[in-house]
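Numbering (UniProt numbering), first residue to last: 1 to 285.
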Amino acid sequence: MVTLNTPKLRCYAKKALFTTVVVVATLEVAHYRAQSQIDEALAERLPEAMKQIQAEQEEAALKADRESVLASWAAAPAQPEGRHIYGSLSAQFTFVEFSDLECPYCKRFHDTPKTLVDQSGGKVNWEWWHYPLAFHSPGAMLGAQAAECVAELAGNQAFWAFTGEWFKRSELNGAGVESAEQLAQLVGAPAEPFKQCLASEKYKAKVEQQIAKGTELGVTGTPATFVVDNMTGNRVLVRGAQTPQVLLEAMKQAIAMRDAPSSQGNPPAPAEASSTVPEAQAKRQ
């Protein structure tokens with residue numbers, strides 16, 4: 001039987017034990033250093049990774065919000081020659097609305113033509129014309145130009161979604177929205193091109209021309225809606241935030257005018273017969 005009683009064996013045992021301790025200590029130090037390096041690497045990369053994760057989450061949330069907002073305006077066709085039409089392009093009737101994005105009455109009225117168009121089975125569409133009132137500016141004029149920039153960058157459906165969201169988010173009466181840029185991004189307009197478009201005021205002249213045209217046609221306040229018979233070009237002016245029943249009654253008046261002789265003089269209010277709406281809308285057939 002081998003024992004450690006001899007000095008030589010005890011020496012070997014001590015050396016072996018010392019070697020084992022050294023090896024274990026070395027491994028511990030190596031593990032600690034490796035773990036420290038890993039921790040340092042994670043500490044360096046974690047903020048960037050967290051930023052990327054947060055950005056991806058925000059983008060996913062924005063995409064979901066955008067899809068939800070745009071879905072409400074799915075009936076908006078591809079933008080026709082710079083005009084803003086909601087509903088079928090071959091509709092029998094058009095609601096041509098002169099509107100102000102900062103007008104409380106326009107906000108109240110906004111769902112009325114949309115509902116009628118959605119329920120009409122393609123027989124009615126809705127066209128937007130800008131008429132920002134002076135006492136609602138600069139907010140109203142800014143909103144009108146912003147909507148045009150959105151239409152240019154993201155299309156007709158985004159234009160309608162933008163106007164709808166503006167009404168929901170604005171404090172109205174000229175106060176405007178917290179951020180036109182964020183609202184534009186929500187409906188799909190890229191941030192930097194939108195900022196450049198808005199800063200250029202490239203659509204200010206177009207908005208001013210629509211104001212002038214509305215005034216020429218007898219618009220004095222908003223909302224003002226021309227119910228247009230696209231078979232004849234006849235139109236009936238409906239002033240204010242009226243009910244669906246009033247718009248339907250105006251359609252009946254326009255139909256009744258089909259058999260009436262054209263008047264080139266002073267037509268009775270509210271009907272204005274035998275004239276086309278702005279920019280060749282509702283050409284005679």
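Even for Gly, the Cβ is constructed at its ideal location relative to N, Cα and C.
{"Query": "Runs of 4 residues minimum, wholly inside the stretch 193-220: which ones carry the alpha helix (DSSP H) assignment?", "Result": "204-216"}
{"Query": "Which word fits residue 24, buried or exposed, when buried means at least 16 other C-beta atoms lie within 10 angstroms of its C-beta?", "Result": "With a pLDDT of 49 at residue 24, under the threshold of 50, the modelled position of that residue is not reliable, and the figure given next carries that caveat. Residue 24 is exposed by the Cβ-count criterion."}
{"Query": "Using three-state DSSP, classify residue 105 as helix, strand or coil.", "Result": "helix"}
{"Query": "Within this structure, are the beta carbons of residue 135 and residue 214 separated by less than 8 Å?", "Result": "no"}
{"Query": "Inspect the beta-carbon positions of residue 100 and residue 140 and report whether they are closer than 8 Å.", "Result": "yes"}
{"Query": "From this set, 149, 206, 6, 143, which residue's C-alpha is nearest residue 176's C-alpha?", "Result": "143"}
{"Query": "If you reduce the DSSP assignment to three classes, tell me which class residue 236 lands in.", "Result": "strand"}
{"Query": "Hey, residue 189 and residue 154: beta-carbon distance below 8 Å or not?", "Result": "yes"}
{"Query": "Would you decide whether residue 245 is buried or exposed? Buried here means 16 or more other CB atoms lie within 10 Å of its CB.", "Result": "exposed"}
{"Query": "Reducing DSSP to helix, strand and coil, say where residue 110 ends up.", "Result": "coil"}
{"Query": "Using the three-state DSSP reduction, which class does residue 97 fall into: helix, strand or coil?", "Result": "strand"}
{"Query": "Just tell me which of 152, 191, 129 has its CA closest to the CA of residue 226.", "Result": "129"}
{"Query": "If I follow the unbroken beta strand (DSSP E) through residue 228, where does it start and stop?", "Result": "224-229"}
{"Query": "Would you mind reading off the limits of the beta strand (DSSP E) that contains residue 73?", "Result": "That residue, residue 73, is in no beta strand (DSSP E); it is neither H nor E in DSSP."}
{"Query": "Of the choices 182, 235, 242, 249, whose alpha-carbon is the least far from that of residue 96?", "Result": "235"}
{"Query": "Given this structure, state the Cα-to-Cα distance separating residue 262 from residue 228, to the nearest angstrom.", "Result": "Because the pLDDT at residue 262 is just 48, under 50, the model does not fix this residue reliably, and the point stays unresolved."}
{"Query": "Whole angstroms is fine: what's the gap from residue 40's alpha carbon to residue 33's?", "Result": "10 Å"}
{"Query": "Nearest to residue 83 by CA position, among 184, 111, 149, is which residue?", "Result": "149"}
{"Query": "Out of curiosity, what's the CA-to-CA distance linking residue 93 and residue 251?", "Result": "8 Å"}
{"Query": "Tell me, please, whether the stretch 198-216 touches the stretch 157-172 by the rule of three or more beta-carbon pairs shorter than 8 Å.", "Result": "no"}
{"Query": "Return the Cβ separation of residue 156 and residue 210 in integer angstroms, given the expectation that the two are a contact with Cβ distance under 8 Å.", "Result": "So it is not a contact: roughly 16 Å between Cβ atoms."}
{"Query": "Please say whether residue 222 and residue 131 have beta carbons closer to each other than 8 Å?", "Result": "yes"}
{"Query": "Mapping the DSSP letters down to three states, classify residue 84 as helix, strand or coil.", "Result": "coil"}
{"Query": "So residue 158 and residue 237 are supposed to be a Cβ contact under 8 Å. How far apart are they, rounded?", "Result": "Not a contact, Cβ separation roughly 29 Å."}
{"Query": "Where does residue 117 sit, in a helix, a strand or coil, going by DSSP?", "Result": "helix"}
{"Query": "For residue 77, which residues in the same chain have their Cβ closer than 6 Å to its Cβ, ignoring the five residues on either side in sequence?", "Result": "89"}
{"Query": "Residue ranges of each alpha helix (DSSP H) run of no fewer than 4 residues wholly in the stretch 144-186, ordered along the chain?", "Result": "156-169, 180-186"}
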